[in-house]
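Asks:
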Amino acid sequence: MQKNYLYYNPFATAMDEARALLTQAARAAMESGALPQRDLPDFAVEIPADVKNGDLASNLAMAGARVFGLPPRKIAEALCAALPALDGTPFARVEIAGPGFINLFFAQRWFADTVFAANALGDDYGRTNYGAGRKYNVEFVSANPTGPMHLGNARGGALGDCLAAALDWAGYDVTREFYINDAGNQIVKFGKSLAARYLQICHGEDAVVFPEDGYQGEDIRVLAQQFFDLNGDCAAAGDAEALQNALVAYALPRNIEGLKNDLAKYRITYDVWFPESRLHAGGAVREVLEKLAASGATYEKDGAIWYRAARYSEKYGANRNARKGLDGEVTDEEKDEVLVRANGIPTYLAADIAYHYNKFVTRGFDTAIDVWGADHHGHVARMKGAMDALGLDGEKLNVVLMQFVRLLQDGKPVRMSKRTGKAITLSSLLDEVPIDSARFFFNLRESGSIMDFDLDLAVKQDSDNPVYYVQYAHARICSILKKLAEEGIVCTDAAACEPSLLSEDAEKALIRHIAAFPAEIIGAAKNYDPARLTRYAVELATQYHKFYTSCRVKDVAPALRSARLALCNATKITLHNVLTMLKVSVPDSM
RNA sequence: GCGCCAGUAGCUCAGUUGGAUAGAGUGCUUGGCUACGAACCAAGAGGUCGGGGGUUCGAAUCCCUUCUGGCGCACCA
Numbered sequence: 036m037q038k039n040y041l042y043y044n045p046f047a048t049a050m051d052e053a054r055a056l057l058t059q060a061a062r063a064a065m066e067s068g069a070l071p072q073r074d075l076p077d078f079a080v081e082i083p084a085d086v087k088n089g090d091l092a093s094n095l096a097m098a099g100a101r102v103f104g105l106p107p108r109k110i111a112e113a114l115c116a117a118l119p120a121l122d123g124t125p126f127a128r129v130e131i132a133g134p135g136f137i138n139l140f141f142a143q144r145w146f147a148d149t150v151f152a153a154n155a156l157g158d159d160y161g162r163t164n165y166g167a168g169r170k171y172n173v174e175f176v177s178a179n180p181t182g183p184m185h186l187g188n189a190r191g192g193a194l195g196d197c198l199a200a201a202l203d204w205a206g207y208d209v210t211r212e213f214y215i216n217d218a219g220n221q222i223v224k225f226g227k228s229l230a231a232r233y234l235q236i237c238h239g240e241d242a243v244v245f246p247e248d249g250y251q252g253e254d255i256r257v258l259a260q261q262f263f264d265l266n267g268d269c270a271a272a273g274d275a276e277a278l279q280n281a282l283v284a285y286a287l288p289r290n291i292e293g294l295k296n297d298l299a300k301y302r303i304t305y306d307v308w309f310p311e312s313r314l315h316a317g318g319a320v321r322e323v324l325e326k327l328a329a330s331g332a333t334y335e336k337d338g339a340i341w342y343r344a345a346r347y348s349e350k351y352g353a354n355r356n357a358r359k360g361l362d363g364e365v366t367d368e369e370k371d372e373v374l375v376r377a378n379g380i381p382t383y384l385a386a387d388i389a390y391h392y393n394k395f396v397t398r399g400f401d402t403a404i405d406v407w408g409a410d411h412h413g414h415v416a417r418m419k420g421a422m423d424a425l426g427l428d429g430e431k432l433n434v435v436l437m438q439f440v441r442l443l444q445d446g447k448p449v450r451m452s453k454r455t456g457k458a459i460t461l462s463s464l465l466d467e468v469p470i471d472s473a474r475f476f477f478n479l480r481e482s483g484s485i486m487d488f489d490l491d492l493a494v495k496q497d498s499d500n501p502v503y504y505v506q507y508a509h510a511r512i513c514s515i516l517k518k519l520a521e522e523g524i525v526c527t528d529a530a531a532c533e534p535s536l537l538s539e540d541a542e543k544a545l546i547r548h549i550a551a552f553p554a555e556i557i558g559a560a561k562n563y564d565p566a567r568l569t570r571y572a573v574e575l576a577t578q579y580h581k582f583y584t585s586c587r588v589k590d591v592a593p594a595l596r597s598a599r600l601a602l603c604n605a606t607k608i609t610l611h612n613v614l615t616m617l618k619v620s621v622p623d624s625m
């Protein structure tokens with residue numbers, strides 16, 4: 036159900052007004068003959084990098100140079116002359132600058148309105164209805180349940196969870212989802228590994244050969260030992276398959292429980308835990324295979340059923356144009372993929388297609404977002420193509436590819452290997468690194484770049500980590516509010532504050548930044564880039580610290596004090612909201 | 001061989017989808033608490049935006065080419 040908020044997006048509103056004013060001016064100028072009658076060109080209204088170039092700026096005059104056949108500055112002059120009166124708009128004045136930019140400066144009223152709105156909306160300030168309640172599924176982490184989570188899952192968790200928060204705040208109906216790979220080859224491997232460890236307990240380490248491709252981790256030994264302690268009966272361990280099944284039935288639910296606990300500790304809770312096994316048991320995989328066959332997307336070869344990956348993934352950039360060891364021209368067949376093996380067992384690709392079919396058709400999501408490791412990028416085009424092959428729209432499946440995390444210790448990369456079980460687990464990471472720090476750190480970089488996680492730095496827990504810088508700004512505000520409250524001065528009605536009072540550069544810079552919050556959330560949501568929010572939080576803290584050093588709150592005239600108190604409270608609210616989205620704690624003191 | 005991602009200050013990274021003199025953090029040099037919290041702020045130095053072409057009023061951003069690094073090309077997931 037769509038929640039009902041009062042939405043406020045100061046920059047977006049002002050940009051719309053600027054665009055309307057300029058369009059109106061252009062029409063008037065053409066009407067009066069100051070400009071020739073032409074169709075208006077596409078033009079931009081943007082926020083200049085430097086405030087001396089205005090709060091907003093438009094390139095209309097430059098963009099129109101060609102269609103009007105006049106120099107940009109001449110066009111700008113004609114436009115400004117034709118501009119209607121600015122009373123009642125967010126703007127106080129307009130300037131022509133540089134090659135022909137039209138720069139608009141906010142009226143003092145705009146700043147006061149922003150402070151008022153943030154105060155009035157409180158915990159909801161930043162929310163918009165941009166997403167119009169569309170149903171989005173965000174699937175992230177989906178770690179292999181055969182073992183504990185690693186550093187990459189820590190990044191994927193912070194990324195996916197915060198992306199989901201951004202989408203939620205931007206007005207989408209978001210479902211957070213974990214896909215449990217509890218079927219297929221890796222589960223077989225899991226069972227064999229467990230069985231080998233179990234038999235080693237029975238007969239001695241040397242008496243039993245551990246499978247070469249088995250899971251080497253210590254956790255496998257622990258699970259086997261627990262099972263042995265409960266059900267130890269070496270004589271009954273005759274039937275290999277029965278033993279493996281029993282071990283999996285024991286160990287898998289415990290591992291999944293472990294994943295849930297570790298993620299909860301990391302402040303991630305999911306709406307849905309979706310097991311792959313459900314797709315097999317419920318016939319969904321078979322159903323999708325039939326649909327693909329019916330649309331001619333599959334064929335049989337060498338006893339297996341193949342998916343025409345080459346045909347359907349072409350439009351999404353077929354990124355497997357050749358295979359290892361093959362030079363030159365590669366036929367389409369060589370790019371195709373097996374869906375059902377010759378032994379009759381479907382591959383994971385088949386299950387994954389069924390899974391996404393389930394998201395779109397069975398559960399009716401408008402869009403599915405998958406957060407995947409960069410090593411899965413070869414899978415993107417064929418999954419999207421498979422949606423098309425099923426008569427759905429592959430464009431509605433969006434994959435956020437996340438580059439690897441490189442662990443640094445003593446300034447040097449630590450080699451990680453899941454196979455040998457030497458990876459750092461999420462759980463052990465969180466034993467050393469504060470959750471706030473980890474959540475913030477893993478969202479500091481956009482997903483596409485390789486991240487270095489400096490363990491020494493993260494553990495150090497000092498102000499090198501920007502999360503403390505942000506939290507400090509909040510604590511500072513709380514301290515001021517507390518001090519003033521002790522004197523009986525509280526932030527009562529922000530609407531009563533006199534707008535002209537907040538006119539210092541530091542005050543206006545801070546307010547501009549507060550005003551940018553809703554647009555920043557929308558930007559993070561539509562670019563699938565939650566790292567923008569951590570950077571926003573840091574910048575907001577910076578603006579506050581600057582304000583703090585140049586403007587006093589406590590010992591100034593009452594009217595100014597009220598206005599600045601309202602600004603402090605608006606900053607506090609915005610810091611609180613952005614940190615809450617990141618699931619970072621918001622301390623009143625530290 | 002082919003594909004995906006990346007290359008911006010000594011280091012780690014931004015750059016709001018083509019805009020004005022390319023910005024932060026960190027490190028280095030220097031200054032600011034008898035003050036609402038100095039876990040803060042201010043100033044300075046530091047750049048061939050990997051290289052080379054092209055597109056236009058205008059390019060770190062778009063196109064081509066080239067170099068370098070990471071990842072991927074299974075009847076594994």
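Per this note's numbering, residue 36 is the first one in the first sequence, and the count goes up by one each step. The beta carbon of each residue, even a glycine, is placed where N, CA and C say it ideally should be.
So, at 6 Å on beta carbons, what are the nonlocal neighbours of aspartate 196 in its own chain, with the 5 sequence-adjacent residues on each side left out?
Replies: Ile303
Asks: Give the list of continuous beta strand (DSSP E) stretches no shorter than 3 residues that lie fully inside the segment 72-134.
Replies: Runs of the beta strand (DSSP E) inside the segment 72-134: 91-93 and 126-132.
Asks: Could you compute how far the alpha carbon of aspartate 85 sits from the alpha carbon of lysine 419?
Replies: 42 Å
Asks: Can you give the Cα-Cα distance for isoleucine 131 and alanine 205, rounded to whole angstroms?
Replies: 35 Å
Asks: Exposed or buried, what is leucine 614 when buried is set at 16 or more other beta-carbons lying within 10 Å of its beta-carbon?
Replies: buried
Asks: Tell me, which residues are paired with tyrosine 214 by DSSP?
Replies: The partner list for tyrosine 214 (beta bridge, DSSP) reads Phe309.
Asks: Per the contact definition of three or more C-beta pairs closer than 8 Å, is the segment 574-586 in contact with the segment 415-434?
Replies: no
Asks: Checking 9 Å against the spacing of the C-beta atoms, do leucine 118 and alanine 49 come in under that value?
Replies: no
Asks: Note down the Cα distance separating alanine 275 from alanine 230, rounded to an integer number of angstroms.
Replies: 8 Å
Asks: Would you report the Cα separation of phenylalanine 395 and alanine 403, rounded to the nearest angstrom?
Replies: 8 Å
Asks: Classify glycine 68 as buried or exposed, calling it buried when 16 or more other Cβ atoms lie within 10 Å of its own Cβ.
Replies: exposed
Asks: Can cysteine 133 and alanine 100 be called in contact, C-beta distance under 9 Å?
Replies: Note that residue 133 is glycine in the sequence shown, not cysteine. Taking a C-beta distance under 9 Å as the contact criterion, glycine 133 and alanine 100 do not qualify as a contact pair.
Asks: Measure from the alpha carbon of valine 588 to the alpha carbon of each residue in Phe103, Ala299, Leu519 and Gly161, then state which is nearest.
Replies: Leu519
Asks: Which first and last residues belong to the beta strand (DSSP E) in which lysine 561 is found?
Replies: Note, lysine 561: premise wrong, no beta strand (DSSP E); alpha helix (DSSP H) at 552-561.
Asks: Given this structure, state the Cα-to-Cα distance separating threonine 181 from phenylalanine 309, to the nearest angstrom.
Replies: CA-CA distance, threonine 181 to phenylalanine 309, rounds to 16 Å.
Asks: Would you list the one or two residues that DSSP bridges to glycine 408?
Replies: Met437
Asks: Please return the same chain residues whose Cβ sits closer than 6 Å to the Cβ of arginine 169, not counting the five positions on each side in sequence.
Replies: Tyr207 and Asp401
Asks: Could you check if lysine 561 is buried or exposed, using at least 16 other CB atoms within 10 Å of its CB as the buried criterion?
Replies: Exposed: under 16 other Cβ atoms inside 10 Å.
Asks: How many angstroms separate the CA atom of leucine 537 from the CA atom of asparagine 44?
Replies: 20 Å
Asks: Note down, one range per segment and in chain order, each beta strand (DSSP E) of at least 3 residues found wholly within the segment 152-195.
Replies: 170-174
Asks: Can you tell me which residues form a DSSP beta bridge with proline 381?
Replies: Val375
Asks: Measuring CB atoms only, is the segment 216-232 touching the segment 258-265, in the sense that at least three cross pairs come out at less than 8 Å?
Replies: yes
Asks: What are the start and end residues of each continuous beta strand (DSSP E) run of 3 or more residues lying completely inside the segment 470-508, in chain order?
Replies: As for any beta strand (DSSP E) of minimum length 3 sitting wholly inside the segment 470-508, the runs are 486-489, ordered along the chain.
Asks: Under 9 Å, do aspartate 491 and leucine 432 count as touching if we go by C-beta distance?
Replies: no
Asks: Verify the contact flag: glycine 483, CB atom, against every heavy atom of the ligand ADP, threshold strictly below 8 Å.
Replies: This structure lacks the ligand ADP, and indeed carries no ligand of any kind.
Asks: By how many angstroms is the C-alpha of valine 323 removed from the C-alpha of arginine 355?
Replies: Here arginine 355 scores only 45 on pLDDT, less than 50, and its place in the model should not be relied on; the value that follows carries that caveat. Roughly 24 Å separates the two Cα atoms.
Asks: Within 10 angstroms of its Cβ, does arginine 218 collect 16 or more other Cβ (buried), or is it exposed?
Replies: According to the sequence provided, residue 218 is alanine. The question's arginine does not apply to it. With 16 or more other Cβ atoms within 10 Å, it is buried.
Asks: Closer than 6 Å by C-beta to glutamine 143: which residues in its own chain qualify, once you throw out the five before and the five after it? Chain order, please.
Replies: Pro534 and Ser535
Asks: If you follow the beta strand (DSSP E) that phenylalanine 136 is part of, which residue opens it and which one closes it?
Replies: 136-141
Asks: Assign glycine 252 to buried or exposed, taking buried as 16 or more other Cβ atoms, counted over all protein chains shown, within 10 Å of its Cβ.
Replies: buried
Asks: Near aspartate 362, what residues of its chain come up, given a Cβ to Cβ distance below 8 Å and the 5 sequence neighbours on each side ignored?
Replies: Unreliable positioning characterises aspartate 362 in this predicted model, as indicated by a pLDDT of 49, which lies under 50. A coordinate reading is not provided.
Asks: Does the segment 310-317 come close enough to the segment 210-225 to have 3 or more Cβ pairs within less than 8 Å?
Replies: yes
Asks: Rounded to the nearest angstrom, what separates threonine 58 and serine 93 at their Cα positions?
Replies: 11 Å
Asks: Work out the CA separation of lysine 543 and tyrosine 507 for me, nearest whole Å.
Replies: 21 Å
Asks: Taking 9 Å as the cut-off, decide whether the C-beta atoms of alanine 344 and arginine 417 are in contact.
Replies: Annotated as proximal: alanine 344 and arginine 417, with beta-carbon spacing under 9 Å.
Asks: Just to confirm my understanding: we take arginine 454, look at its own chain, exclude 5 residues before and 5 after, and list those with CB closer than 7 Å. What are they?
Replies: Low per-residue confidence applies at arginine 454: pLDDT is 47, beneath 50, and the placement is therefore not dependable, though the value from the model is reported in the following sentence. Cβ within range, chain order: Gln251.
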